[in-house]
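Trainee: Chains as they are written, first to last, in this note's numbering: chain A, 342 to 843; chain B, 218 to 523.
Beta carbons are placed, not taken as given, at the ideal position from N, Cα and C, and that holds for glycine.
Before we start, here is the structure in question, set down as structure tokens.
Written out as structure tokens, the structure reads:
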């Protein structure tokens, strides 16, 4: 493969200069790795297709490149109490088909996503919403199921507002072929699994962030990474993302292509089984956990597998997230110490184990396995199909696993802790004290108290080495010279914020 | 001949039913749709709700019977993700794959059969050795690699052919070359071996002794018999190609049936996977029947033997 990359790179350098139409006709072609089967945002639980849909349908709020919640379809919001938020909606907004946007659309959308019989993939994303109540033509009250301090941030990532009258008259599949939203771009043509052609919505309201820049935005699905890069270097595609560090090196040397890297909210950690959820296992021994912690070179894993911007973690959460306390006991990479702990453990001769992973997380698992073998742990990678991994992990059958967690892009650890540390499906720690601290912190609004409680929880987790925090994920981008693009803080590029320079 | 056809069709039907059962059980046991739909962060309650909404809480037997009954009525189901009719999805993908299969098979046959015949005329010659070396190379190089090399040459360096998509006929050139390269070794070896075998037989010697023109001996007498195994294998290969080459369709972003099946497998979109497997199995089985009938027509002794 390296030979091929070298060849591809050499050929790219020798390639004749192409006429790059994007900048000339003010359009952009986005090389996309995922097939989009429907443009109905409620037909998928995947963040990637929803990124395309965000150009067409909007949330009440959007997140700026700096990571702040800003007005979109809602212009103001006020916390009435811990479970109630009032929103003032933007007036004068119309959907692409001319239907006027008002409070009825928000109330209708909430009813749709809360309908127990609805064929919605990710209904769990809306678990924090109880209902929406119309207060006036342009004001609504959102009732939450419980105090949810991250509600405002979550609303920058979820709840695509549907046109009530239009949606009611169409079936979901029909809407998926020809979606109608209030967004900066309209769907001109949708070919399921192949491409989406968007054109600028000239009637777009005076948004907080500005106006859409491209006349046309085409999303072209190219599943194969090497083909995507070839299309970028040959000039048919203007923008690609999610490049591996190897791909980045290749693209960096291509003439006319710029690269940049940005953060994301995705972290990975090595889940252990200190409480014996899977039955008796070596990771119940604290000395084994300490040995593993010192044996795994997190810095190297981050730098090599993710890129130079990746951060090695001390707590299993993203430092950008509220409540993510990284000031906990530090464990440096030290093989001598690791071997001492192994010698002091109940397994001085080592043991056999498998590190379960899915998709490209298997690369991290391979690195971890290599590190663990250095201290006599005969580890191997157990790569699984995603759903098989999820099912067994949540059923408590995997003692050692690489867990990637994107937090749905939410800047609050309450988007993570309920799944892994509060008796959730992925809780292998089952420490009543930690559970209580986190559960309490996730259900109060007082920021100071929340931080105190999260600090207690993460500090205890680190003291006991309940799991091994690994690294943050870096999102890499490659695009044609002249594109004005700022990498988003959360790793989810909003292409309507981009445009050609000049 | 009529009884022979009926027997072959009966066997084909039995194979299709067996394939549908095996495909259903395998697909259901390899993933969990509710988990796939709910995603990583779905709660146990949400996963249970999805199972109920999509009828996945029923027994496997009940689910199969329901699916089979709908299939018999011509309803292949609805994709859980796109909510589109599965038959529509297949009918949209099949032409892409069919064009690719026909063009690559035609290209492969057009090159390999004449080459095989020429090799057989002078076995051990320089041309024969080059062809055999190429066939070894063709078998050794994975389609993925060949596809990327073609992209490198024609798409990136020369920029004369589109790299991905199905926007024009030119989009099929590189994928067809890739798959033709894949089928070339099989047909070359078959036609070469068949011709060598036939050319050494008594009736060819007799034909030559009678002073028949060389071309007549080769084409009319030798090739007709030598090509029998090529016909059988070509129909089977055509079935494989119609099943979709996941790798080639993925490399060149061709929205064919292979890519449809692959993306459906990744999402555990059972109705799509099951329908694709069933449709491909039917095509494959029918092609085998056609191959048997063609062979029987070329050599009527086969009917009495069976």
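#1: Taking 7 Å as the threshold (beta carbon to beta carbon), is residue 529(B) in contact with chain A?
#2: State the CB to CB distance for the pair residue 721(A) and residue 731(A), rounded to an integer number of angstroms; the pair is presumed to be in contact (CB under 8 Å).
#3: Could you tell me whether the Cβ atoms of residue 676(A) and residue 715(A) are closer together than 7 Å?
#4: Note down, in chain order, all residues in the segment 253-264 of chain B with a beta-carbon under 7 Å from any beta-carbon belonging to chain A.
#5: Along the chain, where does the alpha helix (DSSP H) containing residue 627(A) start, and where does it finish?
#6: Please state the DSSP three-state secondary structure of residue 527(A).
#7: For residue 312(B) and residue 306(B), I'd like the C-alpha separation in whole angstroms.
#8: Is the beta carbon of residue 703(A) closer than 7 Å to that of residue 742(A)?
#9: By how many angstroms is the C-alpha of residue 473(A) removed from the C-alpha of residue 421(A)?
#10: If distances are taken between C-alpha atoms only, which option among 510(A), 756(A), 650(A), 761(A) comes closest to residue 744(A)?
#11: With a threshold of 7 Å between beta carbons, is residue 442(B) in contact with chain A?
#12: Looking at residue 504(A) and residue 440(A), is the spacing between their C-beta atoms short of 7 Å?
#13: Determine the direct distance from the alpha carbon of residue 610(A) to that of residue 494(B), and round the result to whole angstroms.
#14: Out of 808(A), 403(A), 817(A), state which residue places its alpha-carbon closest to the alpha-carbon of residue 600(A).
#15: Report, in whole angstroms, the separation of the C-beta atoms of residue 370(A) and residue 577(A), which I expect to be a contact under 8 Å.
#16: Does the beta-carbon of residue 769(A) have 16 or more other beta-carbons within 10 angstroms, so that it is buried, or is it exposed?
#17: Quick test of your reading: residue 475(B) and residue 314(B), contact by CB under 8 Å. State the CB separation rounded to the nearest angstrom.
#18: Looking only at its chain, what residues have a beta carbon closer than 6 Å to the beta carbon of residue 418(A), apart from the 5 residues adjacent to it on each side?
#19: Give every residue of the same chain whose Cβ lies closer than 6 Å to the Cβ of residue 571(A), excluding the five residues on either side of it in the sequence, and list them in chain order.
#20: Could you give the DSSP three-state label for residue 438(B): helix, strand or coil?
#21: I need the DSSP call for residue 474(A), collapsed to helix, strand or coil.
#22: Look at the alpha carbon of residue 821(A) and the alpha carbon of residue 252(B), and state the distance between them as a whole number of angstroms.
#23: Touch check for the segment 669-688 of chain A and the segment 777-788 of chain A: three-plus C-beta pairs under 8 Å?
#24: Provide the residue(s) that pair with residue 582(A) in DSSP beta bridges, ordered along the chain.
#25: Just verifying my parser: in three-state terms, what is the DSSP assignment at residue 696(A)?
#26: Using a Cβ cut-off of 9 Å, pull out every chain B residue sitting near residue 731(A), in sequence order please.
#27: Whole angstroms are fine: how far does the CA of residue 299(B) sit from the CA of residue 373(B)?
#28: Kindly identify the DSSP beta-bridge partner or partners of residue 743(A).
#29: Determine whether the beta carbon atoms of residue 363(B) and residue 383(B) lie at a separation below 7 Å.
#30: Residue 771(A) and residue 618(A) look like a contact to me (Cβ under 8 Å); what is the Cβ gap, rounded to whole Å?
#31: Is there a Cβ from chain A that is less than 7 Å from the Cβ of residue 512(B)?
#32: From the DSSP output, in three-state form, read off residue 411(A) for me.
#33: Output yes if chain B places a C-beta closer than 7 Å to the C-beta of residue 723(A); else output no.
#34: Three Cβ pairs or more, each shorter than 8 Å: is that satisfied between the segment 402-414 of chain B and the segment 450-463 of chain B?
#35: Please classify residue 583(A): is it buried, with 16 or more other beta-carbons within 10 angstroms of its beta-carbon, or exposed?
#36: Under 8 Å by Cβ, that's how I've got residue 390(B) and residue 378(B) pegged, so tell me the actual separation to the nearest angstrom.
Mentor: Quick look at the numbers:
#1: No answer is possible for residue 529(B): the residues shown for chain B start at 218 and end at 523.
#2: That belief does not hold up - the Cβ atoms of residue 721(A) and residue 731(A) are roughly 20 Å apart, past 8 Å.
#3: yes
#4: 253, 254, 255, 256, 257, 258, 259, 260, 261, 263
#5: Per DSSP, residue 627(A) belongs to the alpha helix (DSSP H) from 627-636.
#6: It is a strand residue.
#7: Cα to Cα, the separation comes out at about 11 Å.
#8: no
#9: 14 Å
#10: 761(A)
#11: no
#12: Judged by beta-carbon spacing, residue 504(A) lies within the 7 Å limit of residue 440(A), meaning their Cβ atoms are closer than that value.
#13: So the two alpha carbons sit approximately 38 Å from each other.
#14: The option with the nearest alpha carbon to residue 600(A) is 817(A).
#15: 6 Å
#16: buried
#17: 7 Å
#18: A distance below 6 Å between beta-carbons, with the five flanking residues on each side excluded, links residue 418(A) to the following residues of its chain, in chain order: 426, 428.
#19: none
#20: helix
#21: strand
#22: 38 Å
#23: Too few Cβ pairs lie closer than 8 Å, so no.
#24: 818(A)
#25: strand
#26: 249, 252, 253, 255, 256, 257, 259
#27: 34 Å
#28: According to DSSP, residue 743(A) bridges with 611(A).
#29: Contact: no.
#30: 7 Å
#31: no
#32: strand
#33: no
#34: yes
#35: Buried, by the Cβ-count rule.
#36: Confirmed, Cβ separation roughly 5 Å.
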